[in-house]
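Contents: one structure, followed by commentary.
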Amino acid sequence: MKIIIVKDYEKVSDKAFEIMKEVVSGNPEAVLGLATGTTPLGLYARMIADHEENGTSYARVKAANLDEYAGVGKDNPNSYAYFMRKNLFDKIDIKLENAHIENGMALNADAECKRYAELLANMPRDIQVLGIGSNGHIAFNEPGTPFDSVTHTVELAESTVRDNARLFDRIEDVPRKAFTMGLSEIMQAKKILILATGANKADAVYGMIRGEVTEQLPASVLRKHPDCVLICDEAAGSRLKN
Ligand code: F6R
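First residue of the sequence shown? That's 1094 in the working numbering, and the numbers climb one at a time after it.
This is the structure in structure tokens:
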């Protein structure tokens, strides 16, 4: 894994954008794997600014998101579908029918997982953007998830519910179940960009890079990927220095 440690969140976002721009400029039909959460917001803001200022077009780009809360509809402000529209899709020229995400309201969860897995198999990602959970999860693949997993439903770890509570009024409102892309599907992307910022990610980053490659720390699977770049700020990378 290539490791880039930069000063702060803004620099992480700059570097991530540089790599994203290279992919999209090199291939106007690129397929992007995208993440929600706080970490990629700076990257998305730069994609929007670049679209507005330089006309970089996403009209032929396709996107597939990592995960979605179960039981939360796409027009609910807490859904990841809504998050993506608000923070990126509504502000660039991507066609919404080309931007895919699991349907949190699917009545048959198994059928929805199968549908999404088939979709992913037919749209290999040129680049996958990832954040990392403080417990080492990627997407909602919590510790213990098999490396060969495909799209599935998951009970969120207590630590994930706590981490995500900051975005809800009350911790009781945080959904406990989600749909997530599996680890084997994440690994299929041609290039992976994992972003980590803030001191609360330092242990997970250290474990991912220096610990064992183990299903107990899902992000460690990325060490097996031929083209994975970690971009982190000094706080998240602090334990890598010694
Ligand atoms: C989001 C996702 C999660 C987040 C991770 C970090 O789609 O799949 O794995 O990337 O929980 O979240 P933030 O960026 O909010 O710290």
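Glycine residues also receive a C-beta, built at the ideal position from the N, C-alpha and C atoms. Computed from a predicted structure; not experimentally measured.
Note the first and the last residue of the continuous alpha helix (DSSP H) segment covering residue i.
{"i": "residue 1144", "result": "1134-1147"}
{"i": "residue 1159", "result": "No alpha helix (DSSP H) holds residue 1159; DSSP gives it neither H nor E."}
{"i": "residue 1112", "result": "1102-1119"}
{"i": "residue 1222", "result": "Note, residue 1222: premise wrong, no alpha helix (DSSP H); beta strand (DSSP E) at 1220-1223."}
{"i": "residue 1253", "result": "1251-1257"}
{"i": "residue 1174", "result": "1173-1180"}
{"i": "residue 1207", "result": "1202-1214"}
Quick one, are the C-beta atoms of residue i and residue j less than 7 angstroms apart?
{"i": "residue 1279", "j": "residue 1323", "result": "no"}
{"i": "residue 1270", "j": "residue 1174", "result": "no"}
{"i": "residue 1328", "j": "residue 1291", "result": "yes"}
{"i": "residue 1326", "j": "residue 1107", "result": "no"}
{"i": "residue 1267", "j": "residue 1247", "result": "no"}
{"i": "residue 1195", "j": "residue 1235", "result": "no"}
{"i": "residue 1273", "j": "residue 1214", "result": "no"}
{"i": "residue 1141", "j": "residue 1114", "result": "no"}
{"i": "residue 1110", "j": "residue 1139", "result": "yes"}
Could you compute how far the alpha carbon of residue i sits from the alpha carbon of residue j?
{"i": "residue 1276", "j": "residue 1310", "result": "12 angstroms"}
{"i": "residue 1306", "j": "residue 1228", "result": "14 angstroms"}
{"i": "residue 1330", "j": "residue 1225", "result": "13 angstroms"}
{"i": "residue 1241", "j": "residue 1171", "result": "29 angstroms"}
{"i": "residue 1230", "j": "residue 1149", "result": "32 angstroms"}
{"i": "residue 1146", "j": "residue 1137", "result": "14 angstroms"}
{"i": "residue 1104", "j": "residue 1205", "result": "37 angstroms"}
{"i": "residue 1263", "j": "residue 1256", "result": "12 angstroms"}
{"i": "residue 1166", "j": "residue 1251", "result": "23 angstroms"}
{"i": "residue 1178", "j": "residue 1189", "result": "9 angstroms"}
{"i": "residue 1314", "j": "residue 1265", "result": "32 angstroms"}
{"i": "residue 1223", "j": "residue 1289", "result": "9 angstroms"}
{"i": "residue 1334", "j": "residue 1244", "result": "35 angstroms"}
{"i": "residue 1202", "j": "residue 1131", "result": "27 angstroms"}
{"i": "residue 1304", "j": "residue 1297", "result": "9 angstroms"}
{"i": "residue 1168", "j": "residue 1199", "result": "14 angstroms"}
{"i": "residue 1112", "j": "residue 1260", "result": "28 angstroms"}
{"i": "residue 1318", "j": "residue 1119", "result": "22 angstroms"}
{"i": "residue 1207", "j": "residue 1197", "result": "14 angstroms"}
So, at 6 angstroms on beta carbons, what are the nonlocal neighbours of residue i in its own chain, with the 5 sequence-adjacent residues on each side left out?
{"i": "residue 1095", "result": "1322"}
{"i": "residue 1126", "result": "1157, 1218, 1221 and 1282"}
{"i": "residue 1284", "result": "1220 and 1320"}
{"i": "residue 1129", "result": "1173 and 1176"}
{"i": "residue 1332", "result": "1295 and 1299"}
{"i": "residue 1316", "result": "1094 and 1306"}
{"i": "residue 1144", "result": "1185"}
{"i": "residue 1098", "result": "1325 and 1330"}
{"i": "residue 1152", "result": "1186"}
Which same chain residues, not among the five before or five after residue i, have their C-beta less than 8 angstroms away from its C-beta?
{"i": "residue 1154", "result": "1117, 1121, 1122, 1123, 1124, 1125, 1187 and 1191"}
{"i": "residue 1193", "result": "1155, 1156, 1157, 1158, 1209, 1212 and 1216"}
{"i": "residue 1302", "result": "1094, 1096, 1316, 1323 and 1333"}
Please return the same chain residues whose Cβ sits closer than 7 angstroms to the Cβ of residue i, not counting the five positions on each side in sequence.
{"i": "residue 1238", "result": "1276, 1308 and 1311"}
{"i": "residue 1293", "result": "1227"}
{"i": "residue 1180", "result": "1134 and 1137"}
{"i": "residue 1258", "result": "1264 and 1267"}
Hey, could you find the ends of the beta strand (DSSP E) residue i is sitting in?
{"i": "residue 1284", "result": "1284-1289"}
{"i": "residue 1127", "result": "1124-1127"}
{"i": "residue 1154", "result": "Where residue 1154 is concerned, there is no enclosing beta strand (DSSP E), given that its DSSP letter is neither H nor E."}
{"i": "residue 1095", "result": "1095-1099"}
{"i": "residue 1302", "result": "Segment 1295-1303 is the alpha helix (DSSP H) holding residue 1302; no beta strand (DSSP E) there."}
{"i": "residue 1276", "result": "From DSSP, residue 1276 is part of no beta strand (DSSP E) but of the alpha helix (DSSP H) over 1276-1280."}
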